[in-house]
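Chemist:
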Amino acid sequence: MVVKDIAIVGSGLVVSRKKAIHTKDIIKSYKQLNLRAINKNGYIEEQELEILNVKEIIDDYYLTHEGDIIVRLTDPFTAIYISKDMENIVISSNFCVIRCSENYYPDFLSYYINSDSARKSLLSNLQGSIMKNINMSAIGEMEIPNIPLKKQHIIGNLFKAQTQKIIILNKIQEKEDKLQKAILVKIENMED
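Convert by adding 439 to the 1-based position in the sequence shown; the result is the number in the working numbering.
#1: Who does T602 pair with in a DSSP beta bridge?
#2: Helix, strand or coil: which one does DSSP assign to S468?
#3: Which of the three DSSP states, helix, strand or coil, is assigned to T503?
#4: Does DSSP put Y482 in a helix, a strand or coil?
#5: What residue does the beta strand (DSSP E) around L491 start on, and which one ends it?
#6: Ends of the alpha helix (DSSP H) at I586?
#7: If you draw a straight line from the alpha carbon of A621 to that of Q612, how long is it in whole angstroms?
#8: Please identify the residue among I466, K494, I537 whose C-alpha is closest to the C-alpha of A577.
#9: Going by CA-CA distance only, name the one from V529, G451, I583 that's closest to D555.
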């Protein structure tokens with residue numbers, strides 16, 4: 440079984456075609472997915488999303504929806520499961536979107552695409568010498584395990600929980616770093 444047997448694999452939007460050049464041409468602003476916003480641990484860093492001002496409404500197909508899987512087409516080829524709070528973000532052409540049928544859990548597929556065995560499969564389809572990338576057909580043709588839905592659900596939920604844990608730990612680390620810097624500045628400014 441391959442990805443395209445259980446899902447629709449589509450391309451992201453070439454944003455330059457929709458981008459408003461002049462302020463007077465802007466009819467709507469969207470958050471846009473970019474390479475910096477994709478954390479290698481499988482989540483979107485919301486503060487890294489860009490604002491895209493457009494001259495025409497973007498088709499719903501190019502916006503993220505809960506249950507979508509977004510795959511970065513350049514190294515490290517990270518797959519992101521889209522949760523409810525990450526909906527309506529523009530998917531640029533640096534990514535492909537996978538929309539699963541009801542016979543396969545998207546959170547499990549996201550986990551599987553990020554696994555070592557799936558990465559090996561993707562690495563065999565590399566293109567480019569300087570910037571390594573893959574195309575959508577390589578993702579569509581990637582072999583995936585045919586396992587029961589119940590097992591997919593359990594593994595997918597474990598993956599989501601692990602991702603949430605990583606997000607929380609990263610936030611704690613950021614706050615600790617800020618606190619440490621503030622303390623050092625205060626110590627440096629103390630009079631002897």
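Even glycine gets a Cβ: it sits at the ideal position worked out from N, Cα and C. Source: prediction; values computed, not measured.
Modeler: The short version:
#1: One-based indexing of the sequence shown puts residue 602 at position 163. BP columns for T602 are empty, so no partner.
#2: By 1-based counting over the sequence shown, the position of residue 468 is 29. Taken through DSSP and simplified to helix, strand or coil, S468 comes out as strand.
#3: Position 64 of the sequence shown holds residue 503. Coil, per DSSP.
#4: Here residue 482 corresponds to residue number 43 of the sequence shown, with the count starting at 1. If DSSP states are grouped into helix, strand and coil, Y482 belongs with the strands.
#5: By 1-based counting over the sequence shown, the position of residue 491 is 52. Looking at the DSSP string, the run of the beta strand (DSSP E) that includes L491 is 489-493.
#6: On the sequence shown, position 147 is the one that residue 586 refers to. In this chain, I586 is not harboured by any alpha helix (DSSP H), its DSSP state being neither H nor E.
#7: Mapped onto the sequence shown, residue 621 falls at position 182. Mapped onto the sequence shown, residue 612 falls at position 173. Spanning the two alpha carbons is a distance of roughly 14 Å.
#8: Sequence index remark: in the sequence shown, residue 577 carries index 138 (1-based). Closest by alpha carbon: I537.
#9: In the sequence shown, the residue the question calls residue 555 occupies position 116. Comparing Cα-Cα distances from D555 to each of V529, G451, I583, the minimum goes to I583.
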